[in-house]
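Its first residue numbered 1, the sequence shown is counted upward by one per residue in UniProt numbering.
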Amino acid sequence: MIECLSETKGAAPLGRPAGTGSGPLSVDIRSKRFPGQGKAAARRVFEDFRLTLPAGRFHAILGPSGCGKTTLLNIVAGLDRDFQGSVLLPGTEEGGPEPVLGYVFQNPLLLPWRTVAENLALVLHGRPDRDERVARWLREVGLDGQGAVYPPRLSVGMSRRAALARAFAVEPGLLLMDEAFASLDDATARPLRRLLTRILRAHPTTVLFVTHDLREAITLADRLLFLSRPPTRLLLDLPVALSDEDRADEDRIDAFRSALRREHAAALEGVA
1 MIECLSETKG
11 AAPLGRPAGT
21 GSGPLSVDIR
31 SKRFPGQGKA
41 AARRVFEDFR
51 LTLPAGRFHA
61 ILGPSGCGKT
71 TLLNIVAGLD
81 RDFQGSVLLP
91 GTEEGGPEPV
101 LGYVFQNPLL
111 LPWRTVAENL
121 ALVLHGRPDR
131 DERVARWLRE
141 VGLDGQGAVY
151 PPRLSVGMSR
161 RAALARAFAV
171 EPGLLLMDEA
181 FASLDDATAR
191 PLRRLLTRIL
201 RAHPTTVLFV
211 THDLREAITL
221 ADRLLFLSRP
231 PTRLLLDLPV
241 ALSDEDRADE
251 DRIDAFRSAL
261 RREHAAALEG
271 VA
């Protein structure tokens, strides 16, 4: 469990002992503020914010800019400990080990002076099956034969595939994704979404996925979590009642999206 007071700072490593991840993810943020800079006053982001999410599901987090979506992911990851509250990760409610975390950021963040294979190997340091695991995940994401390439020589889509491979190579019990496809055009993002769905079918885990794109969230997620403007609270937690066949049909996605906009217009403010 991550438990913090407002003066506690620091970052927990993402490489953690493997846990089952079977219990819920529980977040209790009593207070999270950003200090003022210059003439700007301190900014309160979260106040008495609580969230309990079942493990093994894909949760999309949506909300207006500045509502704390990325901050929430960083708190869950242990990268931001400057808050009052606690986080109980999946599988730890009965004293089990914390799950390994995978994090896919807005940019791939691949080290340009290391090859693609070496970037993956970094998160597997000390694993006896490291080389085998690197090769397997390069195949899984369609980068077989690209392991010796340096990141600057990769296309945008290939860089995102490498970032996905790195996140899944550690067998995460909790996967955090912060607008991982937001900067991509649809022709590049669509096959990556299909790839993510295929990987999760074969390697299920709990996912927190931040996005501004409602259509993307409907396509990928089991549940949609809509956050308010600060002080942030959970406005809606809605299931996506669509089959895999429906999710592959653009007309059905658009119909579901239109229905949400009609029925929950206030909660969807600031969501594309």
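Backbone N, C-alpha and C fix where the C-beta goes; we use that ideal spot for every residue, glycine too. Just so you know, these numbers come straight off a predicted model, no measurement behind them.
Give the range of the alpha helix (DSSP H) segment to which Phe168 is assigned.
156-169
7 Å Cβ shell around Arg133 - same chain, five flanking residues per side excluded:
Leu124, Arg127, Ala169
Under DSSP, the alpha helix (DSSP H) around Thr205 begins and ends at which residues?
Per DSSP, Thr205 belongs to no alpha helix (DSSP H) and is neither H nor E.
Going by beta-carbon coordinates alone, are Leu196 and Tyr103 separated by less than 8 Å?
no
What residues in its chain sit with their C-beta under 7 Å from that of Leu235, if we drop five residues either side in the sequence?
Phe226, Leu227, Ser228, Ala267
Nonlocal neighbours in the same chain, by C-beta distance under 7 Å from Arg44, ignoring five residues either side
Arg33, Pro230, Pro231
Mind checking which residues open and close the beta strand (DSSP E) that includes Pro52?
Correcting the residue type first, residue 52 is Thr in the shown sequence and not Pro. Start and end: 43-53.
For Val76, report the span of its alpha helix (DSSP H) as first-last.
69-77
Who are the near neighbours of Ala117 in its chain, counting only those whose CB is closer than 6 Å to its CB and skipping five residues on each side?
Val134, Gly147
State the start and end residues of the unbroken beta strand (DSSP E) segment that holds Val116.
It is not in any beta strand (DSSP E) - Val116 instead sits in the alpha helix (DSSP H) that spans 116-122.
Is Val149 helix, strand or coil when you go by DSSP?
coil
Buried or exposed for His59, going by 16 or more other Cβ atoms inside 10 Å?
buried
Given a threshold of 16 other Cβ atoms within 10 Å of its Cβ, counted over all protein chains shown, does Ser159 qualify as buried or as exposed?
buried
Could you give the first and the last residue of the continuous alpha helix (DSSP H) run that contains Ala135?
130-140
Can you give the beta carbon distance from Gly23 to Pro90, rounded, assuming they're within the 8 Å contact cut?
5 Å
C-alpha gap between Arg201 and Ala187, whole angstroms:
22 Å
Alpha carbon to alpha carbon, how far is Leu208 from Leu79? Give it in angstroms, no decimals.
15 Å
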